[in-house]
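In this note's numbering, the protein residues as written are 1 to 435.
Glycine included, C-beta positions come from ideal geometry on N, C-alpha and C.
Fair warning: this is a prediction, and the values are worked out from it, not measured in the lab.
Data block below; observations after.
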Amino acid sequence: NGGVSQSRLLLPACSHVRAAGRAGRHGAAAGRPAPAHLLEMNRAALRVSLLLLAALGRAGAGSEHDQEHGGEDSPHSRDKGPGHSHWSYEEQEHWGEDYPDCAGTMQSPINIDVAKTIFSPQLRPIQLSGYSLPAKEKLKLKNNGHTVVLELPESLAITGGYAQQYRAVQLHLHWGSPSGPGSEHTVNGRRFAAEIHVVHYNTKYDNFKEAMVHPDGLAVLGAFLEVGPRENPYYQEILEHLYEIQREGEEVLVPGFNIAGLLPANLKLYFHYNGSLTTPPCYQTVKWTVFNQTMLLSHDQMSMLVMSLRNDNDKPLQNNYRLAQDLHGRRVLASFQTTLISAKQLPSATVGSQSCPSIRAAGSHSLVFVSFAEEHSSSSFHAGDVLAVLFGVLFAITALAFLLYIYKHRSQNTRLDSPTKSKVIYTAATTENTA
1 NGGVSQSRLL LPACSHVRAA GRAGRHGAAA GRPAPAHLLE MNRAALRVSL
51 LLLAALGRAG AGSEHDQEHG GEDSPHSRDK GPGHSHWSYE EQEHWGEDYP
101 DCAGTMQSPI NIDVAKTIFS PQLRPIQLSG YSLPAKEKLK LKNNGHTVVL
151 ELPESLAITG GYAQQYRAVQ LHLHWGSPSG PGSEHTVNGR RFAAEIHVVH
201 YNTKYDNFKE AMVHPDGLAV LGAFLEVGPR ENPYYQEILE HLYEIQREGE
251 EVLVPGFNIA GLLPANLKLY FHYNGSLTTP PCYQTVKWTV FNQTMLLSHD
301 QMSMLVMSLR NDNDKPLQNN YRLAQDLHGR RVLASFQTTL ISAKQLPSAT
351 VGSQSCPSIR AAGSHSLVFV SFAEEHSSSS FHAGDVLAVL FGVLFAITAL
401 AFLLYIYKHR SQNTRLDSPT KSKVIYTAAT TENTA
């Protein structure tokens, strides 16, 4: 985006310089010194040109920094002429005209059809490192006109669950409007109230900008948000500052907090597939993890998210989600068995339903497609874990029976060897005793 803006802004700056040069050459060709007022105009034009070039240099540096912080964390040009770099969710069907990857065959988000997912025991629990930040570490929170972005230090990382390590870059949210939900991914056609994305890049690359064009460059952790009965303290760390960044481009520094609290407590259960950034440039370089457990926000918190921000047109920033894209033959893997329940166990698709049977203290609950045992336990198990528990129980029962047998056997021996029994002695009768 920044490159296009620069190419347009440089034109007037260069025209001033060229005009000044032509005026100087014209005066010299005439064989007389240029008038004082003309020289002063030339100097003024030169000063203006230098100021513009300096401003453009700063803008270029800023756009490069934005580009390194995610596809959604980049300002867009307000010029909406042909071939412009501006994009909007209302015109998402035309993104492919300016950004070819947006018309590719590995696009995100997708609808997760649970019945068609493939269980993969190779998918291990996601492990996070450095996600708990001290309050003294300040984080930049920004309204970029498309979403709210929280920039993250690179000390945050994914250290397990992926083949390589990935460093965090930023997180952002997608939401709907007061009249409808706004998650990007859907499950069995159901759209949730909102969705969080935590963006990471592969540590084998020097930075996000380099990584984002490689097939294994990016990893995004996604989780659905729903309305629950009480306030979520972790999301409040972000939501309470939204009033300070209501307009596009506004930013504020917020104290560090436990970023892991924004994600589900159970990082074992998730879906995985290869996809793309969900906004232009839509690079198809993202390894997606969509968690099975949703996060719960209070009704007031969800309203705050949906109603607080405004876009570049000073209109409410709402419905900032992309519609589901075709799979084009891609496989969606699951880290757990999804065939353990029937469709009859699926609750209604009403967003914000509070009929969930297990609400966790951290403000989350499992999605509709978890097995009964997983839904009613604080930590769900893989098939191997279940077998391990069963073998453990059988071993404990066997050991207990063996101990009871030994105890009973020793008790019998003790009674036989007791000294009180030795007082009764039976002897054969002799002839003397019978005489």
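Return the chain-ordered list of same chain residues with a C-beta closer than 7 Å to the C-beta of residue i, the five sequence neighbours on each side being excluded.
i, result
"E210", "none"
"D113", "N188"
"S377", "Confidence in S377 is poor, its pLDDT being 38 and thus under 50, which makes the residue's placement unreliable; the coordinate value appears in the next sentence. Same-chain partners within the cutoff: there are none."
"L239", "Q301, M304, L305"
In whole angstroms, what is the alpha-carbon distance linking residue i and residue j?
i, j, result
"D216", "L152", "20 Å"
"L400", "Y162", "42 Å"
"E244", "I259", "20 Å"
"E172", "N202", "In the sequence as displayed, the identity of residue 172 is His instead of Glu. The alpha-carbon atoms of H172 and N202 are separated by roughly 19 Å."
"G180", "E90", "16 Å"
"N319", "N313", "15 Å"
"H197", "A223", "7 Å"
"E231", "V252", "23 Å"
"A103", "G96", "5 Å"
"Q92", "P280", "9 Å"
"L139", "G256", "6 Å"
"E250", "G145", "9 Å"
"S177", "L390", "48 Å"
"K135", "V199", "According to the sequence displayed, residue 135 carries Ala and not Lys. Using only the alpha carbons, I get a separation of about 22 Å."
"V227", "P233", "14 Å"
"V393", "F402", "14 Å"
"R247", "A194", "20 Å"
"F395", "E154", "46 Å"
"I406", "I397", "14 Å"
Looking at the structure shown, is residue i part of a helix, part of a strand, or coil, going by DSSP?
i, result
"V445", "This structure cannot speak to residue 445, because the chain is shown only from 1 to 435."
"H272", "strand"
"S88", "coil"
"M307", "helix"
"I110", "coil"
"Q293", "strand"
"F336", "coil"
"A324", "coil"
"R410", "helix"
"T398", "helix"
"V213", "coil"
"K204", "coil"
"H185", "coil"
"D101", "helix"
"N266", "coil"
"Y166", "strand"
"G256", "coil"
"K138", "strand"
"A115", "helix"
"P233", "helix"
"G261", "helix"
"G180", "strand"
"E251", "strand"
Between the options, which has its C-alpha nearest residue i's C-alpha?
i, options, result
"A219", "P316, N258, V169", "V169"
"V254", "E137, A103, Y407, Y89", "E137"
"G182", "Y205, L225, F208", "L225"
"M106", "G329, T147, V213, L403", "G329"
"D98", "M304, R410, C282, V286", "C282"
"I126", "L221, H197, V306", "L221"
"Y235", "G96, D300, E250, T117", "D300"
"L133", "L404, R310, E237", "E237"
"S308", "T147, S88, D101, E93", "T147"
"R322", "L139, F119, Y166, W175", "W175"
"W87", "N311, T159, A135, V227", "N311"
"F192", "K268, V290, Q165", "V290"
"Y166", "N207, H94, G256", "N207"
"L128", "N144, P121, Q164, Y205", "Q164"
"M212", "T285, D326, L296", "T285"
"P439", "L297, T159, L242, M295", "With the chain covering 1 to 435 only, the question about residue 439 has no answer from this structure."
"T338", "H94, D101, H200, S120", "S120"
"K116", "Y405, R331, I406", "R331"
"L296", "K268, H94, G261", "G261"
Might you give, ordered along the chain, the residues of its own chain that have their beta carbon closer than 6 Å to the beta carbon of residue i, omitting 5 neighbours on each side?
i, result
"S108", "G275, S276, T278"
"L156", "G130, Y131, A168"
"V149", "D73, K142, Q170, H172"
"W288", "V220, Y273, G275"
"I118", "R331, L333"
Kindly list the residues whose CB is nearer than 8 Å to the CB of residue i, restricted to its own chain and excluding five residues on each side of it in sequence; keep chain order.
i, result
"N111", "H185, T186, V187, N188, G189, A324"
"L123", "G161, Y270, H272, L333, A334, S335"
"H214", "N202, Y205, T285"
Say whether chain C places a C-beta atom closer than 8 Å to the C-beta of residue i.
i, result
"Q92", "The chain labelled as chain C is not found in the depicted structure, where only one protein chain is given."
Starting from residue i, follow its DSSP beta bridges and name the residues at the other end.
i, result
"W288", "V220, Y273"
"S129", "A157"
"N143", "V148"
"H172", "V149, H197"
"E226", "L296"
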